[in-house]
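Numbering (this note's numbering), first residue to last: 80 to 426.
Every residue, glycine too, gets a C-beta built ideally from N, C-alpha and C.
Note that the coordinates shown come from a computational prediction; the quantities given were computed from them, not determined experimentally.
See below for the structure under consideration.
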């Protein structure tokens with residue numbers, strides 16, 4: 080498997096795609112009662128430090144309301160929830176560090192997940208309303224932040240880490256605590272959200288980007304996150320050598336900075352899907368992409384892997400349609416593609 084800075088020995092210059100020749104290469108849950116859930120969380124907190132951490136997922140879970148007028152009916156959401164299920168379906172061992180109230184139903188987390196639930200007076204609650212003109216979001220009762228001090232020492236040397244803030248909760252100091260060997264990725268959408276007095280979510284600039292970006296190996300964001308303005312990616316290339324932009328039904332685009340400063344761009348085609356529930360698609364893509372990147376060192380095929388995983392998922396509600404590794408690879412084998420590479424002198 081690929082280890083953090085083995086991906087890019089120096090973060091500034093990046094080798095040409097594909098990466099394989101440049102890299103060291105190594106080869107839905109049942110419902111539980113509240114008491115069983117409490118026992119499970121307590122047990123994983125006590126025992127999870129015994130082995131190496133495979134993939135560490137940091138961010139607050141959410142209560143995704145089924146009906147904005149009913150706060151009692153919800154599905155568990157948030158980047159870490161979707162990411163944990165993806166990791167489990169791909170045969171990896173997820174560890175989740177999050178905040179939620181003791182009565183939050185965490186049974187949607189896969190049984191393989193190690194759960195570190197930090198104390199919180201509230202659980203972040205979201206309402207997602209999909210319209211022909213795009214998504215309308217509301218954020219209520221945001222849980223407190225997660226700082227570097229909240230990450231136990233035993234969990235600071237994972238193979239991979241995904242920073243997945245949902246409402247700006249991950250403090251900038253978290254990104255800096257991981258060693259060179261860890262592959263560090265982030266989905267910044269949660270750092271780029273604000274909400275008004277009614278809870279309506281709006282976009283905002285990423286205030287602490289320059290404190291976080293230097294510590295990332297990969298950044299994954301949506302075209303919506305940058306308001307469809309590609310030039311907004313340019314400053315990030317000063318720090319991050321690999322950026323992937325998801326484009327909803329149009330697949331994704333991989334950007335990689337070259338040693339001469341030029342940017343190599345690869346368009347990754349989508350897998351056609353009949354959409355049922357798009358919630359979490361970006362998180363599913365990112366987790367599948369990160370895991371496959373760590374396994375192969377090839378960002379193009381990792382993005383293709385992520386595209387297929389996300390497209391299969393949106394054909395079902397919530398996490399129920401997240402595919403297995405076998406399903407993804409079978410589709411990729413049956414539908415090969417040749418990437419189109421374009422080198423830009425500037426972005």
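DSSP three-state assignment for residue i, whether helix, strand or coil
{"i": "residue 408", "result": "helix"}
{"i": "residue 236", "result": "coil"}
{"i": "residue 331", "result": "strand"}
{"i": "residue 323", "result": "strand"}
{"i": "residue 363", "result": "helix"}
{"i": "residue 243", "result": "coil"}
{"i": "residue 450", "result": "Residue 450 lies beyond the residue range present for the chain, which begins at 80 and ends at 426; the question has no answer from this structure."}
{"i": "residue 280", "result": "strand"}
{"i": "residue 219", "result": "strand"}
{"i": "residue 274", "result": "strand"}
{"i": "residue 168", "result": "helix"}
{"i": "residue 211", "result": "coil"}
{"i": "residue 396", "result": "coil"}
{"i": "residue 156", "result": "strand"}
{"i": "residue 286", "result": "coil"}
{"i": "residue 379", "result": "helix"}
{"i": "residue 337", "result": "coil"}
{"i": "residue 199", "result": "coil"}
{"i": "residue 150", "result": "strand"}
{"i": "residue 191", "result": "coil"}
{"i": "residue 140", "result": "coil"}
{"i": "residue 502", "result": "Any property of residue 502 remains undetermined from this structure, which presents the chain solely from 80 to 426."}
{"i": "residue 315", "result": "helix"}
{"i": "residue 343", "result": "strand"}
{"i": "residue 390", "result": "helix"}
{"i": "residue 178", "result": "strand"}
{"i": "residue 253", "result": "helix"}
{"i": "residue 122", "result": "With a pLDDT of only 36 at residue 122, under 50, the local geometry of the prediction cannot be trusted, and no value is derived from it."}
{"i": "residue 401", "result": "coil"}
Proximity below 8 angstroms, CB of residue i to CB of residue j
{"i": "residue 349", "j": "residue 328", "result": "yes"}
{"i": "residue 164", "j": "residue 398", "result": "yes"}
{"i": "residue 369", "j": "residue 378", "result": "no"}
{"i": "residue 208", "j": "residue 245", "result": "no"}
{"i": "residue 199", "j": "residue 173", "result": "no"}
{"i": "residue 331", "j": "residue 306", "result": "no"}
{"i": "residue 257", "j": "residue 280", "result": "no"}
{"i": "residue 323", "j": "residue 333", "result": "yes"}
{"i": "residue 262", "j": "residue 254", "result": "no"}
{"i": "residue 387", "j": "residue 401", "result": "no"}
{"i": "residue 266", "j": "residue 300", "result": "yes"}
{"i": "residue 234", "j": "residue 135", "result": "yes"}
{"i": "residue 176", "j": "residue 230", "result": "yes"}
Classification of residue i by the beta-carbon crowding that lies within 10 angstroms, buried from 16 upward
{"i": "residue 270", "result": "buried"}
{"i": "residue 185", "result": "buried"}
{"i": "residue 268", "result": "buried"}
{"i": "residue 285", "result": "buried"}
{"i": "residue 195", "result": "buried"}
{"i": "residue 93", "result": "In this predicted model, residue 93 has a pLDDT of only 37, less than 50, meaning its place in the structure is not dependable; the value taken from the coordinates is given anyway. That one is buried."}
{"i": "residue 289", "result": "exposed"}
{"i": "residue 161", "result": "buried"}
{"i": "residue 218", "result": "buried"}
{"i": "residue 338", "result": "exposed"}
{"i": "residue 150", "result": "exposed"}
{"i": "residue 295", "result": "buried"}
{"i": "residue 304", "result": "buried"}
Other residues of its chain near residue i: CB distance less than 8 angstroms, five sequence neighbours each side excluded
{"i": "residue 389", "result": "325, 360, 361, 363, 364 and 367"}
{"i": "residue 414", "result": "350"}
{"i": "residue 316", "result": "322, 334, 336, 342 and 426"}
{"i": "residue 358", "result": "143, 156, 207 and 397"}
{"i": "residue 248", "result": "138, 139, 178, 203, 221, 222, 223, 224, 225 and 269"}
Contacts around residue i, its chain only, beta-carbon distance under 6 angstroms, and the 5 residues preceding and following it disregarded
{"i": "residue 287", "result": "251"}
{"i": "residue 353", "result": "394"}
{"i": "residue 133", "result": "171, 172 and 238"}
{"i": "residue 297", "result": "264 and 321"}
{"i": "residue 141", "result": "156, 157, 203, 205 and 245"}
{"i": "residue 421", "result": "344"}
{"i": "residue 168", "result": "401 and 403"}
{"i": "residue 227", "result": "252, 253 and 256"}
{"i": "residue 418", "result": "345 and 379"}
{"i": "residue 291", "result": "251 and 254"}
Own chain, CB closer than 7 angstroms to residue i, minus 5 neighbours either side, in chain order
{"i": "residue 273", "result": "281 and 283"}
{"i": "residue 423", "result": "341, 342 and 344"}
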